Amino acid sequence: MKSLSSSNKKMIIAIIINEKYISNHSTDGFKVGATSFTLKMADYFIKQQVFAGFILYKRDESLLVPKVVQLETNEIKYIKIFFNFSMNSEDIKEALDKALLILSTDNNHNPNIFAYYQTDTLLSYHPSNIPCGVTHHGPFVEDFQKNYSQEEAYQAFENKDKAAHLHKQQSIGINTLIDKEYFVIQHSKLQGDYLISKGVHREKIKQVNPPMFSCENHECGSLDPDISHFLKTNKDEVLLFTAVARLDYFKNIELLINASINLLEKDIPAKILILGDEEHYDARRDIFSSMIPQEYRKYFLISHKLPHTELFSIFNAIKKKAIFVCTSRYETLGITPLEAALNGIYTIVPDLSSVEASTYFSSEDKFKYDITSLTKKIISIYDQNLFISDIQQQNLRSLLSKDIFEESINRIYKEISTSCNSLLPSTI
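Read in order, the letters of the sequence shown correspond to residues 1 to 428 in the UniProt record's numbering.
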């Protein structure tokens, strides 16, 4: 493929992401926060007519060489790459090169294509003649371990072997970033600081303002009758709410459950809605339910994660009536708590440097990371009716908005375009 310097056509963007994180996004809850982020980035690139398409990769252990398949849905181009890590690395690199060439050819033979990875999984296979960048969405094993412990890292990443494997892969990715001087499009200062500490050049890290905004004009979906009924509160009741993609160790839902039980024992009239994990996977929801004393279970509803449209319906239904409680012990961003606050749900977050979302909130909106402090914080908010105030929402809207996000993307686009080729049009 021709290098970026070979044409003065505007740079186009190809987004590369694991297929399982992007499929069925309109009918299911987002697999991970990366899905929401990626789709909003793609929407903006499409609007600005610089989106080349998606490259979706999927592991297939039955293959000896990669398979590349072309698709198009609603005028958006998709290239699927099926591969496995036992394959020759040059074959995987050639598959990526072929996919990028197809997208380049399909966009008026524009050779000025930028490969934008949503994980570093395939970064070491990237064709060196094509500029690229990466956004790290998941936590770095080593950074989590520095904040907690090795044993907790094993628990957070499921087991010792998985933690060790992921740490090895992440180290390869970081070394690739340093050696090849690829760009990092970073939405998390937490991760940016870690990458700089590992030797990634500061000037290669481009900070994007997270694509989160209020959903006043967003399409809302109809809610399950059980959830709709549960959302109805009496005059003196307070609804505590949290929603996550996965009910894993990082989210520490146990903290919310234990604090909620404390509240109920103190005769605070509370209802607790917890959403997370796939609908068909109820093992962790069952474990959390078993933690709740029988006499308090009627005050809890623990259900599966919802599509974004239904989540926005909940936001609309509980504005100024509820408290969104983020209990994560480590969060590279924290999309849902920020979205909740932007949409009028009073939100509280841990006072932890390992939770990126906390940097957007005032000290009054944070709690010390223990059951007693969380309980006291909720009681204080309840007693003062703080959840009916819109001060927090206005503060968040001054930090996170569609305009701020788009300005940051335009700045990054200009900087990368200029860096790759001074002849390229440098604004979207």
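Glycine residues also receive a C-beta, built at the ideal position from the N, C-alpha and C atoms.
The structure presented is a predicted model; accordingly, all values stated were derived computationally and were not measured.
For this session: Taking all protein chains shown into account, decide if V69 is buried (16 or more other Cβ within 10 angstroms of its Cβ) or exposed.
Result: The count along the sequence shown starts at 1 and reaches residue 69 at position 69. V69 comes out exposed.
Exercise. Does DSSP classify K232 as helix, strand or coil?
Worked result: Counting from 1 along the sequence shown, the entry for residue 232 is found at position 232. K232: coil per DSSP, three-state reduction.
For this session: May I ask you to verify whether the segment 271 to 289 touches the segment 237 to 244, counting CB pairs closer than 8 Å and requiring at least 3?
Result: Yes, since at least three Cβ pairs between the segment 271 to 289 and the segment 237 to 244 fall closer than 8 Å, the two stretches touch.
Problem set entry | E72 in three-state terms, based on DSSP | Residue numbering aside, residue 72 sits at position 72 when the sequence shown is read from its first letter. In the three-state DSSP reduction, E72 falls in the strand class (E or B).
For this session: Using the Cα positions of L396 and L338, report the straight-line distance between them to the nearest angstrom.
Result: The residue labelled residue 396 in the question sits at position 396 within the sequence shown. The residue labelled residue 338 in the question sits at position 338 within the sequence shown. Taking the CA atoms as reference points, L396 sits about 8 Å from L338.
Exercise. Which word fits I15, buried or exposed, when buried means at least 16 other C-beta atoms lie within 10 angstroms of its C-beta?
Worked result: Against the sequence shown, residue 15 aligns to sequence position 15. By the neighbour-count criterion, in which a residue is buried when 16 or more other Cβ atoms sit within 10 angstroms of its Cβ, I15 is buried.
Exercise. Can you tell me whether DSSP reads C420 as helix, strand or coil?
Worked result: Here residue 420 is taken as the residue at index 420 of the sequence shown, counted from 1. Three-state DSSP puts C420 in a helix.
Exercise. Counting along the chain, where does the beta strand (DSSP E) carrying G133 start and finish?
Worked result: The residue given as residue 133 occupies position 133 in the sequence shown. For G133, the enclosing beta strand (DSSP E) starts and ends at 132 to 134.
Exercise. By DSSP, does L400 sit in helix, in strand, or in coil?
Worked result: The sequence position of residue 400 within the sequence shown is 400, counting from 1. Here L400 carries a coil assignment [DSSP, helix/strand/coil].
Exercise. For T332, which three-state DSSP category applies?
Worked result: Against the sequence shown, residue 332 aligns to sequence position 332. Coil.
Problem set entry | Reference N175; option with closest CA among Q186, L195, K189 | Residue mapping note: residue 175 aligns to position 175 of the sequence shown, counting from 1. Nearest C-alpha to N175: L195.
Exercise. What's the gap between the Cα of R246 and the Cα of E181?
Worked result: Translated into the one-based positions of the sequence shown, residue 246 becomes position 246. Translated into the one-based positions of the sequence shown, residue 181 becomes position 181. Each residue's alpha carbon lies about 33 Å from the other.
Exercise. Thinking just about the alpha-carbon of each residue, which of I371, E94, I178 is nearest to the one in E203?
Worked result: Taking the sequence shown and counting its residues from 1, one reaches residue 203 at position 203. The residue from I371, E94, I178 with its alpha-carbon nearest to that of E203 is I178.
Problem set entry | Outcome for residue 492 when other beta-carbon atoms lying within 10 angstroms are tallied against a minimum of 16 | Absent from the structure is residue 492, since the part of the chain shown begins at 1 and ends at 428.
Exercise. For H118, which of helix, strand or coil comes out of DSSP?
Worked result: The residue you call residue 118 lines up with position 118 of the sequence shown. The residue you asked about is not His; residue 118 is Gln in the sequence shown. In this structure, Q118 counts as coil in the three-state DSSP scheme.
For this session: Go ahead and label N18 buried or exposed: buried means 16 or more other beta carbons lie within 10 angstroms of its beta carbon, across all protein chains shown.
Result: For this step, residue 18 is matched to residue 18 along the sequence shown. It is buried - the Cβ of N18 has at least 16 other Cβ atoms within 10 Å.
For this session: Please determine if the segment 126 to 141 and the segment 107 to 118 are in contact, where contact requires at least 3 C-beta pairs separated by less than 8 Å.
Result: Yes: the two stretches touch, three or more of their Cβ pairs being nearer than 8 Å.
For this session: Give me whichever residues DSSP pairs with G53 in a beta bridge.
Result: Translated into positions along the sequence shown, residue 53 becomes position 53. Per DSSP, A14.
Exercise. Between Y125, K58, K251, I113, which lies nearest to Y413 when the distance is taken from Cα to Cα?
Worked result: For the purposes of this step, residue 413 is taken as the residue at position 413 of the sequence shown. It is I113.
Exercise. Under the rule that 16 or more other beta-carbon atoms within 10 Å means buried, what is E61, buried or exposed?
Worked result: Translated into positions along the sequence shown, residue 61 becomes position 61. By the neighbour-count rule (16 or more Cβ atoms within 10 Å), E61 is not buried but exposed.
Problem set entry | Three or more C-beta pairs below 8 Å linking the segment 275 to 285 and the segment 362 to 372 | Segments in contact, no.
Problem set entry | Cβ-Cβ distance between I79 and I46 below 8 Å | Taking the sequence shown and counting its residues from 1, the one referred to as residue 79 is at position 79. Taking the sequence shown and counting its residues from 1, the one referred to as residue 46 is at position 46. No. Outside cutoff.
Exercise. Hey, how far is the Cα of I92 from the Cα of Y125?
Worked result: Indexing the sequence shown from 1 puts residue 92 at position 92. Indexing the sequence shown from 1 puts residue 125 at position 125. Near 6 Å, if we compare the C-alpha coordinates of Y125 and I92.
For this session: Compare the Cα-Cα distances from D390 to each of A341, P210, H109 and report the closest residue.
Result: The residue labelled residue 390 in the question sits at position 390 within the sequence shown. The shortest C-alpha separation from D390 is found at A341.
Exercise. First and last residue of the beta strand (DSSP E) that includes F324?
Worked result: Here residue 324 corresponds to residue number 324 of the sequence shown, with the count starting at 1. Element bounds for F324: 322 to 325.
For this session: Return the CA-CA distance between V208 and K235, expressed in angstroms with no decimal places.
Result: As a position in the sequence shown, residue 208 is number 208, starting the count at 1. As a position in the sequence shown, residue 235 is number 235, starting the count at 1. Straight-line Cα distance between these residues: approximately 41 Å.
Problem set entry | Beta-carbon proximity check, P307 vs M41, cutoff 8 Å | The residue given as residue 307 occupies position 307 in the sequence shown. The residue given as residue 41 occupies position 41 in the sequence shown. No. Outside cutoff.
For this session: Kindly list the residues whose CB is nearer than 8 Å to the CB of L256, restricted to its own chain and excluding five residues on each side of it in sequence; keep chain order.
Result: For the purposes of this step, residue 256 is taken as the residue at position 256 of the sequence shown. Excluding sequence neighbours, L256 sits near L240, T242, I272, I274, V325, T327, L374.
Problem set entry | Every unbroken beta strand (DSSP E) inside the UniProt domain "Glycosyl transferase family 1" (235 to 355) [3 residues or more] | Fully enclosed beta strand (DSSP E) runs of 3 or longer: 238 to 243, 270 to 275, 300 to 303, 322 to 325, 346 to 350.
Problem set entry | In DSSP terms, what V184 is bridged to | In the sequence shown, counting from the first residue as 1, residue 184 sits at position 184. Assignment of beta-bridge partners to V184 by DSSP yields V134, I205.
Exercise. Is the beta carbon of D365 sitting closer than 8 Å to the one on T347?
Worked result: Residue 365 sits at position 365 when you count from the first residue of the sequence shown. Residue 347 sits at position 347 when you count from the first residue of the sequence shown. The answer is yes: Cβ separation under 8 Å.
For this session: Taking the CB atoms as reference points, tell me whether Y249 and Q155 lie closer together than 8 Å.
Result: Locating residue 249 in the sequence shown gives position 249, where the first residue counts as 1. Locating residue 155 in the sequence shown gives position 155, where the first residue counts as 1. The criterion of a C-beta distance shorter than 8 Å is satisfied by Y249 and Q155.
For this session: Please name the residue in I12, G344, S354, I388 whose C-alpha comes closest to that of F213.
Result: For the purposes of this step, residue 213 is taken as residue 213 along the sequence shown, with counting starting at 1. The shortest C-alpha to C-alpha distance from F213 to any of I12, G344, S354, I388 is the one to G344.
For this session: Taking V238 as the reference, give the member of S260, N252, D226 with the closest Cα.
Result: One-based indexing of the sequence shown puts residue 238 at position 238. It is S260 whose Cα lies nearest to the Cα of V238.
Problem set entry | Buried or exposed by the 16-neighbour rule on C-beta atoms within 10 Å, applied to G199 | Taking the sequence shown and counting its residues from 1, one reaches residue 199 at position 199. The residue in question, G199, is exposed, as its Cβ has fewer than 16 Cβ neighbours within 10 Å.
Exercise. Taking the alpha carbon of A95 as the point to measure from, which residue in Y330, K67, H109, I76 has its own alpha carbon closest?
Worked result: Along the sequence shown, one-based indexing puts residue 95 at 95. Per the Cα distances, K67.
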